[in-house]
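Student: Sharing a structure here in structure tokens format.
Residue numbers (UniProt numbering): 1 to 267.
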């Protein structure tokens, strides 16, 4: 397989998995075992491609928040996004300073997929009970905003957890009983998070001279592939959650995690 085709496949995998609650980072780590290891800049940049798709999908909502900032409801929502991002940024810098690196073996990812699936089912049951008790609630509380920010850091530290899954369910458990509202907030807070991560990594690579060793053609193709497939995946997910729970994703995580654990000894 050529490096160009491998980059294209990695971009497609990232685009499909970034916003589905099945862990894009975990899938990329798994895929890289067969398609070849890539740089941190490559992985974060194709994540930014997926985030670009969310910007396009939520462009009207983002414009509403921007031009309607004087409106109290819009202002509060934008500030909650800022708070969530602030906690993620602070936590991310601490993790980076501690020298954390992604695992190079499949086993930790497999266990995170399985345990994350168990947590998803339990969280969905708890969220359903809260919805019955509280009724339909679309508002994001300040507590939810803080917890979503922290959840993004946790998901980054444990590949296989799923950033989108962690943030959506944290919002649901924190009192936002409407799945669409919880999903929207989780996706919107991912915009500054991933663009900031990409910018940080790009500056670091430029400073260390790593950009000279990056294949920008392959990265560009993977970026576009990620953006296109993410656009399709998010559109589908937003339609899916209108009438379905997340149980199917938990089952997928179980199956994939167990399959990977069975394959680990053979590696």
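Where a beta carbon is used, it is the ideal one built from N, C-alpha and C, also for glycine.
For residue 78, which residues from the same chain have a beta carbon less than 6 Å from its beta carbon, with the 5 sequence-adjacent residues on both sides left out?
Tutor: Counting from one through the chain shown, the residue named residue 78 turns up at place 78. Closer than 6 Å at Cβ, skipping near neighbours: 65.
Student: Can you tell me the Cβ-Cβ gap for residue 42 and residue 222, rounded? I've got them flagged as a contact below 8 Å.
Tutor: Here residue 42 refers to the residue found at position 42 when the chain shown is read from its first residue. Here residue 222 refers to the residue found at position 222 when the chain shown is read from its first residue. Rounded, the Cβ-Cβ distance is 7 Å, consistent with contact.
Student: Kindly indicate which residue of 136, 163, 120, 174 has the alpha-carbon position closest to the one of residue 142.
Tutor: In the chain shown, the residue the question calls residue 142 occupies position 142. Nearest option by C-alpha distance: 174.
Student: Cβ atoms of residue 246 and residue 169: under 9 Å apart, would you say?
Tutor: Here residue 169 refers to the residue found at position 169 of the chain shown. Here residue 246 refers to the residue found at position 246 of the chain shown. Going by C-beta atoms, residue 169 is nearer than 9 Å to residue 246.
Student: For the putative contact between residue 113 and residue 257, defined by C-beta atoms under 8 Å, what is the C-beta separation to the nearest angstrom?
Tutor: In the chain shown, counting from the first residue as 1, residue 113 sits at position 113. In the chain shown, counting from the first residue as 1, residue 257 sits at position 257. Yes, residue 113 and residue 257 are in contact; Cβ-Cβ is about 4 Å, under 8 Å.
Student: Alpha carbon to alpha carbon, how far is residue 35 from residue 176?
Tutor: As a position in the chain shown, residue 35 is number 35, starting the count at 1. As a position in the chain shown, residue 176 is number 176, starting the count at 1. When rounded, the distance between both Cα atoms is 40 Å.
Student: With three or more beta-carbon pairs closer than 8 Å as the criterion, would you say the region 87–100 touches the region 225–233?
Tutor: Verdict: no, contact absent.
Student: Along the chain, where does the alpha helix (DSSP H) that runs through residue 111 open and close?
Tutor: Against the chain shown, residue 111 aligns to sequence position 111. Unbroken alpha helix (DSSP H) run through residue 111: 107–134.
Student: Between the region 131–140 and the region 176–186, do at least 3 Cβ pairs fall closer than 8 Å?
Tutor: The region 131–140 is in contact with the region 176–186.
Student: Is the separation between the beta-carbon of residue 224 and that of residue 214 shorter than 9 Å?
Tutor: Taking the chain shown and counting its residues from 1, one reaches residue 224 at position 224. Taking the chain shown and counting its residues from 1, one reaches residue 214 at position 214. Their beta carbons are not under 9 Å apart, which means residue 224 does not touch residue 214 by this criterion.
Student: Give every residue of the same chain whose Cβ lies closer than 8 Å to the Cβ of residue 260, excluding the five residues on either side of it in the sequence, and list them in chain order.
Tutor: As a first step, residue 260 is located in the chain shown; it is residue number 260 there, counting from the start. Hits under 8 Å: 30, 106, 107, 109, 110, 113.
Student: Among residues of its own chain, excluding the 5 on either side of residue 11, which ones have a beta-carbon nearer than 6 Å to its beta-carbon?
Tutor: Walking along the chain shown from the start, residue 11 turns up at place 11. The answer, listed in chain order, is 46, 222, 225, 226.
Student: If you measure between the beta carbons of residue 234 and residue 81, is that distance less than 9 Å?
Tutor: Position 234 of the chain shown holds residue 234. Position 81 of the chain shown holds residue 81. No, they are not a contact pair.
Student: Straight-line CA distance for residue 21 to residue 100?
Tutor: Locating residue 21 in the chain shown gives position 21, counting from the first residue. Locating residue 100 in the chain shown gives position 100, counting from the first residue. Each residue's Cα considered, the two are about 23 Å apart.
Student: Leaving aside the five residues before and after residue 17 along the sequence, list all residues of the same chain whose C-beta is less than 6 Å from its C-beta, in chain order.
Tutor: Indexing the chain shown from 1 puts residue 17 at position 17. Correct list, in chain order: 24, 27.
Student: For residue 177, which of helix, strand or coil comes out of DSSP?
Tutor: On the chain shown, position 177 is the one that residue 177 refers to. Coil at residue 177, not helix or strand.
Student: Name the two residues that bound the continuous alpha helix (DSSP H) containing residue 101.
Tutor: On the chain shown, residue 101 is found 101 positions in, with the first residue counted as 1. Per DSSP, residue 101 belongs to no alpha helix (DSSP H) and is neither H nor E.
Student: Smallest Cα separation from residue 184: which of 160, 2, 33, 57?
Tutor: The count along the chain shown starts at 1 and reaches residue 184 at position 184. When only C-alpha atoms are compared, the closest one is 57.
Student: Just verifying my parser: in three-state terms, what is the DSSP assignment at residue 2?
Tutor: If you number the chain shown from 1, residue 2 lands on position 2. The answer is coil: DSSP assigns residue 2 none of H, G, I, E or B.
Student: Take the Cβ of residue 232 as the centre, count every other Cβ of all protein chains shown within 10 Å, and call the residue buried at 16 or more, exposed below.
Tutor: Your numbering for residue 232 matches position 232 in the chain shown. When all chains shown are included, residue 232 counts as exposed.
Student: Buried or exposed, going by whether 16 or more other CB atoms sit within 10 Å of the CB of residue 44?
Tutor: For the purposes of this step, residue 44 is taken as the residue at position 44 of the chain shown. It counts as buried.
Student: Could you check the C-alpha separation between residue 156 and residue 182 for me, to the nearest Å?
Tutor: Sequence index remark: in the chain shown, residue 156 carries index 156 (1-based). Sequence index remark: in the chain shown, residue 182 carries index 182 (1-based). Cα to Cα, residue 156 sits roughly 19 Å from residue 182.
Student: Nearest-angstrom Cα distance between residue 217 and residue 153?
Tutor: For the purposes of this step, residue 217 is identified with residue 217 of the chain shown, where counting begins at 1. For the purposes of this step, residue 153 is identified with residue 153 of the chain shown, where counting begins at 1. Whole-angstrom Cα-Cα distance: 30 Å.
Student: Whose C-beta lies closer than 7 Å to the C-beta of residue 51 among residues of the same chain, with five residues either side of it excluded?
Tutor: Residue mapping note: residue 51 aligns to position 51 of the chain shown, counting from 1. Correct list, in chain order: 190, 191, 194, 195.
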